[in-house]
Amino acid sequence: MLDADFFHRWMTAAAALVSREADHLTELDSAIGDADHGSNMERGFAAVTAALGKEPPQTPGAVLVLAGRQLISTVGGASGPLYGTLLRRTGKSLGDASAVTPEQLAEALGAGVASVAQLGGAQAGDKTMLDALLPAAEALGTSFEAAKEAAEAGALATVPMQARKGRASYLGERSIGHKDPGAMSSALLVAALAETGAK
Ligand code: ADP
Ligand code: MG
Ligand code: MG
1 MLDADFFHRW MTAAAALVSR EADHLTELDS AIGDADHGSN MERGFAAVTA ALGKEPPQTP
61 GAVLVLAGRQ LISTVGGASG PLYGTLLRRT GKSLGDASAV TPEQLAEALG AGVASVAQLG
121 GAQAGDKTML DALLPAAEAL GTSFEAAKEA AEAGALATVP MQARKGRASY LGERSIGHKD
181 PGAMSSALLV AALAETGAK
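Under UniProt numbering, the sequence shown has 138 at position 138, and the numbering climbs by one with no breaks.
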C-alpha cells in the first residue's frame, strides 16, 4: 500500500530530478518555445516541497491536491495549470483513503491525464506532455518501472512530431526534430515515481 509518506517522497524525488534536469528542460524549450520550462518546473516543485514540508498532509489524495495547487499558483505558463490539474485531479480521484494500492493510483492517474487532455484540448500525437503521460498511465497498470519506460519512450517519440498545441505549434513544421520539453518533464515525474517505488 502507498501511504501519504510515499506520495510526499515521490514529490520530493520529482523536485530533485526537475532541478537536476532544469537546464536540459530549458534547452529543449529554447528550441521550440520560450526557454522557460526548466525554470518554471523548478520554481513550481520548489514550492511543492516547501508547502508539503510546512504541514505534511495526512492522505495520498491530500498530498497531490496540495502539490497541484502549488503548481497552479506558482508556475506561469501553460505547464502550471496543466500539471496542477493533473495532480489535483489525480489526488481527488484517490479520495480520502489513508493508503492506496498501485492499481488505484494507476486508475486515478488515468483520470488526471484525461483532465489534462480536456483542459488543454490536446490528444496523442500533438507533441505535448500527453505523449508521455498517456502511455505512462496505461503502463502503470503493469508496474512503476513499465510506466517509467513508457513515459521515456513517449517523450522520445515526440521528436519527429509536429506540434499542434501550445507555443511550439506556432513554429509549424519547424517544430519537427526536437523533443517536447513538457513530455520530458512528464517522463521525469514518472521516473521519480519509479525511483520512489523501488525503495
Ligand atoms: P509556456 O509554453 O507557456 O512557456 P512551459 O514552457 O512551462 O509553458 O510548458 C510548455 C509545455 O507545455 C510544452 O512542452 C507542452 O508539453 C505543454 N503544453 C503546452 N500546451 C499544451 C496543451 N494544450 N496540452 C497539453 N500540454 C501542453
Ligand atoms: Mg516555455
Ligand atoms: Mg513561458
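Don't be surprised by glycine CBs; every beta carbon is placed ideally from N, CA and C.
### Query
Quick one, which of Ala15, Arg164 and Lys92 has its alpha-carbon nearest Met129's?
Arg164
### Task
Give the secondary structure of Ala183 by DSSP, where H, G and I count as helix, E and B as strand, and everything else as coil.
helix
### Task
Kindly indicate which residue of Glu55, Tyr170 and Val190 has the alpha-carbon position closest to the one of Gly154.
Val190
### Contact shell at 6 Å, judged by CB to any heavy atom of ligand 3, ordered along the chain
Asp34, Asp36 and Gly77
### Task
Could you tell me which residues DSSP puts in a beta bridge with Ala99?
According to DSSP, which records beta bridges pairwise, Ala99 is partnered with Asp3.
#### Entry: Contact between the region 83-93 and the region 61-69 (3+ Cβ pairs under 8 Å)
yes
### Task
Evaluate Met1 with the Cβ neighbour count: other Cβ atoms within 10 Å of its Cβ, from every protein chain shown; 16 or more gives buried, anything less gives exposed.
A residue is called buried once 16 or more other Cβ atoms fall within 10 Å of its Cβ, and Met1, having fewer, is exposed.
#### Entry: DSSP state of Lys165 mapped onto helix, strand, coil
coil
### Query
Taking the alpha helix (DSSP H) that Gln58 falls in, what are its first and last residues?
Element bounds for Gln58: n/a, residue is neither H nor E.
### Message
With three or more C-beta pairs closer than 8 Å as the rule, is the region 73-83 touching the region 92-102?
### Response
Counting Cβ pairs under 8 Å, fewer than three are found: no touch.
### Cβ contact check for the region 159-179 and the region 106-119: 3 or more pairs under 8 Å
no
### Query
When DSSP labels each residue in this structure, what does Gly154 get in the three-state scheme?
The answer is helix: DSSP assigns Gly154 an H, G or I state.
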